[in-house]
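Novice:
There are 2 protein chains.
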Amino acid sequence: MSEVRHDPVTGRQVIIAQDRANRPHAFVSDPPLLDDGDCPFCVGRESNTPRAIAEYAPPRPSAAEPWWIRVVPNKYPAVRELNGVAAASPTCTSTAKVNEIDRRRINGHAFFTAEAALGSHEVIIESPRHVVSVTELDESVMRTLFHVYRDRLTSLRTAGQLAYAMAFKNVRPAAGASLAHSHSQLLATPFVPPQVELELSHSQAYFADHGQCVFCELLRSECRGGVRIVAESANFVAWCPFASRCPYEVWIAPKQHACRYESTDSARLDDLAALVQQLVGRLEAVHPQAAYNYLLHTAPINESRELPHYHWHIELLPRLIKFAGFEWGSGCYINPIPPETAAEQLRA
Amino acid sequence: MSEVRHDPVTGRQVIIAQDRANRPHAFVSDPPLLDDGDCPFCVGRESNTPRAIAEYAPPRPSAAEPWWIRVVPNKYPAVRELNGVAAASPTCTSTAKVNEIDRRRINGHAFFTAEAALGSHEVIIESPRHVVSVTELDESVMRTLFHVYRDRLTSLRTAGQLAYAMAFKNVRPAAGASLAHSHSQLLATPFVPPQVELELSHSQAYFADHGQCVFCELLRSECRGGVRIVAESANFVAWCPFASRCPYEVWIAPKQHACRYESTDSARLDDLAALVQQLVGRLEAVHPQAAYNYLLHTAPINESRELPHYHWHIELLPRLIKFAGFEWGSGCYINPIPPETAAEQLRA
Numbered sequence: 001m002s003e004v005r006h007d008p009v010t011g012r013q014v015i016i017a018q019d020r021a022n023r024p025h026a027f028v029s030d031p032p033l034l035d036d037g038d039c040p041f042c043v044g045r046e047s048n049t050p051r052a053i054a055e056y057a058p059p060r061p062s063a064a065e066p067w068w069i070r071v072v073p074n075k076y077p078a079v080r081e082l083n084g085v086a087a088a089s090p091t092c093t094s095t096a097k098v099n100e101i102d103r104r105r106i107n108g109h110a111f112f113t114a115e116a117a118l119g120s121h122e123v124i125i126e127s128p129r130h131v132v133s134v135t136e137l138d139e140s141v142m143r144t145l146f147h148v149y150r151d152r153l154t155s156l157r158t159a160g161q162l163a164y165a166m167a168f169k170n171v172r173p174a175a176g177a178s179l180a181h182s183h184s185q186l187l188a189t190p191f192v193p194p195q196v197e198l199e200l201s202h203s204q205a206y207f208a209d210h211g212q213c214v215f216c217e218l219l220r221s222e223c224r225g226g227v228r229i230v231a232e233s234a235n236f237v238a239w240c241p242f243a244s245r246c247p248y249e250v251w252i253a254p255k256q257h258a259c260r261y262e263s264t265d266s267a268r269l270d271d272l273a274a275l276v277q278q279l280v281g282r283l284e285a286v287h288p289q290a291a292y293n294y295l296l297h298t299a300p301i302n303e304s305r306e307l308p309h310y311h312w313h314i315e316l317l318p319r320l321i322k323f324a325g326f327e328w329g330s331g332c333y334i335n336p337i338p339p340e341t342a343a344e345q346l347r348a
Numbered sequence: 001m002s003e004v005r006h007d008p009v010t011g012r013q014v015i016i017a018q019d020r021a022n023r024p025h026a027f028v029s030d031p032p033l034l035d036d037g038d039c040p041f042c043v044g045r046e047s048n049t050p051r052a053i054a055e056y057a058p059p060r061p062s063a064a065e066p067w068w069i070r071v072v073p074n075k076y077p078a079v080r081e082l083n084g085v086a087a088a089s090p091t092c093t094s095t096a097k098v099n100e101i102d103r104r105r106i107n108g109h110a111f112f113t114a115e116a117a118l119g120s121h122e123v124i125i126e127s128p129r130h131v132v133s134v135t136e137l138d139e140s141v142m143r144t145l146f147h148v149y150r151d152r153l154t155s156l157r158t159a160g161q162l163a164y165a166m167a168f169k170n171v172r173p174a175a176g177a178s179l180a181h182s183h184s185q186l187l188a189t190p191f192v193p194p195q196v197e198l199e200l201s202h203s204q205a206y207f208a209d210h211g212q213c214v215f216c217e218l219l220r221s222e223c224r225g226g227v228r229i230v231a232e233s234a235n236f237v238a239w240c241p242f243a244s245r246c247p248y249e250v251w252i253a254p255k256q257h258a259c260r261y262e263s264t265d266s267a268r269l270d271d272l273a274a275l276v277q278q279l280v281g282r283l284e285a286v287h288p289q290a291a292y293n294y295l296l297h298t299a300p301i302n303e304s305r306e307l308p309h310y311h312w313h314i315e316l317l318p319r320l321i322k323f324a325g326f327e328w329g330s331g332c333y334i335n336p337i338p339p340e341t342a343a344e345q346l347r348a
């Protein structure tokens with residue numbers, strides 16, 4: 001009994017096609033990433049990564065645990081680091097104007113335009129030990145991780161010139177991880193990415209029409225209905241979105257309106273860290289070894305105003321099914337698990 | 001030396017990040033789909049699929065080759081077949097108005113809207129033999145396949161009520177194939193999918209400004225430049241798009257303006273079939289066993305006018321890298337192989 005659902009925030013269309021969950025090989029089971037015994041993120045191999053931008057140490061460092069979390073420049077960056085070297089200062093402090101250099105035309109034709117992808121691409125190594133999922137991190141390290149996201153976003157804000165910074169995580173090969181060792185990434189770009197732009201423009205239009213933040217309205221409605229709620233903490237709600245793009249998609253948002261992750265106080269971040277760890281645990285209980293991504297959507301770093309229409313949130317996207325030809329060609333996802341079913345299973 | 005490129009047709013932004021091609025595990029090597037010896041698409045197992053909508057037989061059918069191509073309803077459809085049964089007639093001939101039934105609100109809240117995903121989901125089985133890629137099909141069968149796409153699209157056009165029909169193909173697990181046996185799918189929906197809508201609206205805007213089809217202009221420019229051209233036939237050009245979303249992406253389009261695949265004559269379709277087979281062969285020569293999708297973008301089936309701004313084409317998308325957290329969160333692809341390099345390798 002398939003249906004087309006419309007995402008209340010972005011207008012995105014998704015086909016919820018329950019019958020497809022029964023087909024053979026409906027869910028992927030990727031082989032784990034082979035550990036070549038030479039993981040560059042493990043303790044003692046620090047020289048295999050570029051020099052750290054920041055390090056977070058335990059209260060009592062030891063040989064086995066000299067640090068909890070290390071932030072290093074990505075050795076294979078998706079964007080061009082302006083200074084070419086890892087530095088404790090943000091990488092984009094050059095006075096070159098990001099969007100003005102290297103604009104060019106190819107074959108003399110106006111419609112082949114490109115500009116330098118300047119920015120910053122950091123890796124956040126989350127444990128000296130070779131663990132894979134955030135569920136294996138000590139609670140105190142997990143809490144630190146969410147403070148690190150705040151610190152790094154704050155640092156990139158002050159760097160100027162960049163428009164957006166997105167923290168995200170790839171766990172296990174089906175989620176695009178190329179190294180097994182638990183890590184996040186922070187990728188800052190000179191433009192606001194299209195998906196974020198879509199959320200910003202739609203939520204702004206909603207605010208103009210209704211005088212309310214669409215996310216705040218959505219949270220109220222989800223909490224009232226309850227069928228898609230997965231978990232709740234003192235400050236946050238987690239739910240499977242009405243137009244979930246994939247099985248067991250979960251969004252996590254603060255109950256109180258806030259457009260910017262970096263403004264969150266430490267107590268709330270600790271609360272969030274525990275909730276995210278719990279949610280990934282729930283996912284792994286339903287689908288052991290599930291590959292997943294999560295990502296942080298927050299206000300652009302080049303935006304200094306408080307945005308009454310935008311509400312930061314985390315999107316957790318399990319990677320249990322594969323993106324195929326129809327999704328590429330249509331831009332529309334087919335999800336075989338209705339979010340109401342997903343939420344019920346995750347709550348259990 | 002990363003750069004942000006803008007797709008001339010859709011405005012889509014892509015980050016071309018050459019340095020990332022060097023990272024470990026940059027390219028996936030998925031294990032092949034296990035053959036359980038019980039493939040429902042092989043000759044002799046016709047009773048394992050729903051009754052055929054259409055069958056295409058060789059000139060001299062035999063026990064081993066009673067048919068070349070069979071079109072059957074998808075056993076696990078992404079959309080709801082109106083009549084619930086496979087029929088030789090198109091599945092959407094009911095008089096119910098597609099977009100009017102089953103519209104509903106959840107929790108009484110206006111922004112949870114959904115409608116029935118009515119449509120048609122067909123599977124095109126491309127050989128009685130258990131082959132995986134189109135490069136293993138006999139030339140005559142490959143030609144027939146491209147005639148089948150035309151026949152099925154034409155048939156769905158006359159069914160009325162549906163807005164769009166997309167033919168696509170998933171080959172190997174990394175491309176989302178759940179069965180190894182070579183097959184295509186045709187998925188018809190009551191709406192024009194967002195990616196197609198984007199192409200239609202951008203090309204219409206271009207036409208309004210320039211009085212030209214943007215695809216025709218693009219082809220002329222690509223042919224003049226040559227650096228991204230992969231192959232050419234009497235009637236078609238194949239090139240790696242300037243803002244390729246993934247390594248070795250190839251688009252194939254007719255040299256003469258045409259908005260609608262179904263209007264293509266048989267001689268041209270034969271020419272196209274040979275070119276597509278050749279292109280997949282070139283890809284498999286560069287990356288043996290490459291997983292790939294291809295999909296057909298053509299005018300909506302509910303559009304009867306000739307569209308001077310739209311130009312049908314095929315998009316071939318190899319699945320050598322995985323979609324990760326950044327792509328989900330940003331809607332922006334990171335491609336480590338510049339299309340100029342990809343085209344050079346594919347031409348060799």
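Chains C and P, in that order, give the protein sequences.
Note that my numbering gives residue 291 to position 291 of the first sequence, counting from 1, and the numbers run on in steps of one.
Note that my numbering gives residue 50 to position 50 of the second sequence, counting from 1, and the numbers run on in steps of one.
The beta carbon of each residue, even a glycine, is placed where N, CA and C say it ideally should be.
Keep in mind it's a predicted model, so treat the numbers as computed, not measured.
How about GLN204(C): is its C-beta nearer than 8 Å to some C-beta of chain P?
Specialist: Here residue 204(C) is taken as the residue at index 204 of the first sequence, counted from 1. No, GLN204(C) lies away from the interface with chain P (no Cβ there is under 8 Å from its Cβ).
Novice: For GLU306(C), count the other beta carbons within 10 Å of its own beta carbon; 16 or more makes it buried, fewer makes it exposed. Which is it?
Specialist: Position 306 of the first sequence, counting from 1, holds the residue named residue 306(C). Its Cβ having fewer than 16 others within 10 Å, GLU306(C) is exposed.
Novice: Is there a Cβ from chain P that is less than 8 Å from the Cβ of ASP209(C)?
Specialist: For the purposes of this step, residue 209(C) is taken as residue 209 along the first sequence, with counting starting at 1. Chain P contact via Cβ: absent.
Novice: Give me the Cα-Cα distance between LEU296(P) and PRO59(C), rounded to the nearest whole angstrom.
Specialist: Walking along the second sequence from the start, residue 296(P) turns up at place 296. Walking along the first sequence from the start, residue 59(C) turns up at place 59. PRO59(C) has its alpha-carbon roughly 59 Å from the corresponding atom of LEU296(P).
Novice: With 8 Å as the threshold, decide whether the Cβ of ILE239(C) is near any Cβ in chain P.
Specialist: Start at 1 with the first residue of the first sequence, and residue 239(C) comes out as number 239. Note that residue 239(C) is Trp in the sequence shown here, rather than Ile. Not closer than 8 Å to any Cβ of chain P, the Cβ of TRP239(C) fails to qualify, so no.
Novice: Report buried or exposed for HIS309(P), applying the criterion of at least 16 other Cβ atoms within 10 angstroms of its Cβ.
Specialist: Translated into the one-based positions of the second sequence, residue 309(P) becomes position 309. Classification for HIS309(P): buried.
Novice: Could you check the C-alpha separation between CYS240(P) and GLU46(P) for me, to the nearest Å?
Specialist: By 1-based counting over the second sequence, the position of residue 240(P) is 240. By 1-based counting over the second sequence, the position of residue 46(P) is 46. Straight-line Cα distance between these residues: approximately 39 Å.
Novice: Would you be able to state if there are at least three C-beta pairs under 8 Å between the stretch 268-287 of chain P and the stretch 137-147 of chain P?
Specialist: Cβ pair count under 8 Å is three or more, so yes.
Novice: Taking the alpha-carbon positions, what's the ASN293(C) to ALA324(C) distance?
Specialist: Here the question's residue 293(C) lines up with position 293 in the first sequence. Here the question's residue 324(C) lines up with position 324 in the first sequence. Roughly 18 Å separates the two Cα atoms.
Novice: Identify whether PHE323(C) lies in helix, strand or coil by the three-state DSSP scheme.
Specialist: Numbered from 1 along the first sequence, position 323 holds the residue referred to as residue 323(C). Looking at PHE323(C) - three-state DSSP - the assignment turns out to be coil, as it is neither helix nor strand.
Novice: Between which two residues does the alpha helix (DSSP H) harbouring HIS202(C) extend?
Specialist: Counting from 1 along the first sequence, the entry for residue 202(C) is found at position 202. Note, HIS202(C): alpha helix (DSSP H), 194-210.
Novice: Less than 8 Å between CB atoms is the rule here; does GLU199(C) satisfy it with respect to chain P?
Specialist: Taking the first sequence and counting its residues from 1, one reaches residue 199(C) at position 199. Not an interface residue.
Novice: For GLN256(P) and HIS311(P), I'd like the C-alpha separation in whole angstroms.
Specialist: Locating residue 256(P) in the second sequence gives position 256, counting from the first residue. Locating residue 311(P) in the second sequence gives position 311, counting from the first residue. Their Cα atoms are separated by approximately 9 Å.
Novice: Near CYS216(P), which residues of its chain fall below 6 Å by C-beta distance, leaving aside the five closest residues on each side in sequence?
Specialist: Here residue 216(P) is taken as the residue at index 216 of the second sequence, counted from 1. Excluding sequence neighbours, CYS216(P) sits near HIS257.
Novice: For the alpha helix (DSSP H) that PHE215(P) lies in, which residues bound it at each end?
Specialist: Sequence index remark: in the second sequence, residue 215(P) carries index 215 (1-based). Looking at the DSSP string, the run of the alpha helix (DSSP H) that includes PHE215(P) is 214-225.
Novice: Identify the residues that DSSP records as bridge partners of GLU284(C): which are they?
Specialist: To locate residue 284(C), count along the first sequence from 1; it is residue 284. For GLU284(C), which the question treats as bridged, DSSP gives no partner whatsoever.
Novice: Is PRO128(P) closer than 8 Å to TRP67(P) when the C-beta atoms are compared?
Specialist: Locating residue 67(P) in the second sequence gives position 67, where the first residue counts as 1. Locating residue 128(P) in the second sequence gives position 128, where the first residue counts as 1. The Cβ-Cβ distance between TRP67(P) and PRO128(P) falls below 8 Å.
Novice: Could you tell me whether the Cβ of MET142(P) comes closer than 8 Å to any Cβ of chain C?
Specialist: Translated into the one-based positions of the second sequence, residue 142(P) becomes position 142. With 8 Å as the cut-off, MET142(P) does not count as an interface residue toward chain C.
Novice: Does LEU80(C) come out as helix, strand or coil in the three-state DSSP assignment?
Specialist: Looking up residue 80(C) in the first sequence gives position 80. In the sequence on display, residue 80(C) carries Arg and not Leu. Strand.
Novice: Going by the beta-carbon positions, is the gap between ALA342(P) and ALA175(P) smaller than 8 Å?
Specialist: The residue given as residue 342(P) occupies position 342 in the second sequence. The residue given as residue 175(P) occupies position 175 in the second sequence. Contact flag unset, no.
Novice: Say whether chain C places a C-beta atom closer than 8 Å to the C-beta of ILE334(P).
Specialist: To locate residue 334(P), count along the second sequence from 1; it is residue 334. Cβ-Cβ to chain C under 8 Å: yes for ILE334(P).
Novice: For ILE16(C) and HIS287(C), I'd like the C-alpha separation in whole angstroms.
Specialist: Start at 1 with the first residue of the first sequence, and residue 16(C) comes out as number 16. Start at 1 with the first residue of the first sequence, and residue 287(C) comes out as number 287. Approximately 20 Å between the Cα atoms of the pair.
Novice: Alpha carbon to alpha carbon, how far is CYS246(P) from ARG224(P)? Give it in angstroms, no decimals.
Specialist: For the purposes of this step, residue 224(P) is identified with residue 224 of the second sequence, where counting begins at 1. For the purposes of this step, residue 246(P) is identified with residue 246 of the second sequence, where counting begins at 1. Straight-line Cα distance between these residues: approximately 24 Å.
Novice: DSSP on GLU303(P), reduced to helix/strand/coil?
Specialist: Here residue 303(P) corresponds to residue number 303 of the second sequence, with the count starting at 1. Correct three-state label for GLU303(P): coil.
Novice: If I measure Cβ to Cβ from THR10(P) and keep anything under 7 Å in the same chain, skipping five residues before and after, which residues do I get?
Specialist: The count along the second sequence starts at 1 and reaches residue 10(P) at position 10. LEU198, GLU199, HIS202.
Novice: According to the Cβ coordinates, are GLN332(C) and PRO193(P) closer than 8 Å?
Specialist: Locating residue 332(C) in the first sequence gives position 332, counting from the first residue. Locating residue 193(P) in the second sequence gives position 193, counting from the first residue. The sequence shown places Cys at residue 332(C), not Gln. Here CYS332(C) is near PRO193(P), since their CB atoms are less than 8 Å apart.
Novice: Using a Cβ-Cβ cut-off of 8 Å, state whether PHE191(P) counts as contacting chain C.
Specialist: On the second sequence, residue 191(P) is found 191 positions in, with the first residue counted as 1. Closer than 8 Å to some Cβ of chain C, the Cβ of PHE191(P) qualifies, so yes.
Novice: Where does THR189(C) land, buried or exposed, given buried means 16+ other C-beta within 10 angstroms?
Specialist: Position 189 of the first sequence, counted from the start, is the residue given in the question as residue 189(C). With at least 16 other beta carbons inside 10 angstroms of its own, THR189(C) counts as buried.
Novice: Could you say which of GLN161(P), SER155(P), LEU162(P), SER182(P) lies nearest to PHE168(P) if we only look at CA atoms?
Specialist: On the second sequence, residue 168(P) is found 168 positions in, with the first residue counted as 1. Here the closest residue by C-alpha is SER182(P).
Novice: Which chain P residues are close to LEU316(C), counting only those with a beta carbon under 9 Å from its beta carbon?
Specialist: Locating residue 316(C) in the first sequence gives position 316, counting from the first residue. None at all; the shortest Cβ gap to chain P is about 10 Å.
Novice: Can you tell me whether DSSP reads THR135(C) as helix, strand or coil?
Specialist: As a working mapping, residue 135(C) is identified with position 135 in the first sequence. Note: THR135(C) maps to helix in three-state DSSP.
Novice: Determine whether the Cβ of TYR248(P) lies closer than 8 Å to any Cβ atom of chain C.
Specialist: To locate residue 248(P), count along the second sequence from 1; it is residue 248. At least 8 Å separates the CB of TYR248(P) from every CB of chain C.
Novice: Quick check: is the beta carbon of GLU115(C) nearer than 8 Å to any beta carbon in chain P?
Specialist: The count along the first sequence starts at 1 and reaches residue 115(C) at position 115. By this cut-off, GLU115(C) is an interface position.
Novice: Indicate whether LEU162(C) and GLY119(C) have their beta-carbon atoms separated by less than 8 Å.
Specialist: Position 162 of the first sequence, counted from the start, is the residue given in the question as residue 162(C). Position 119 of the first sequence, counted from the start, is the residue given in the question as residue 119(C). LEU162(C) is a Cβ neighbour of GLY119(C), given a cutoff of 8 Å.
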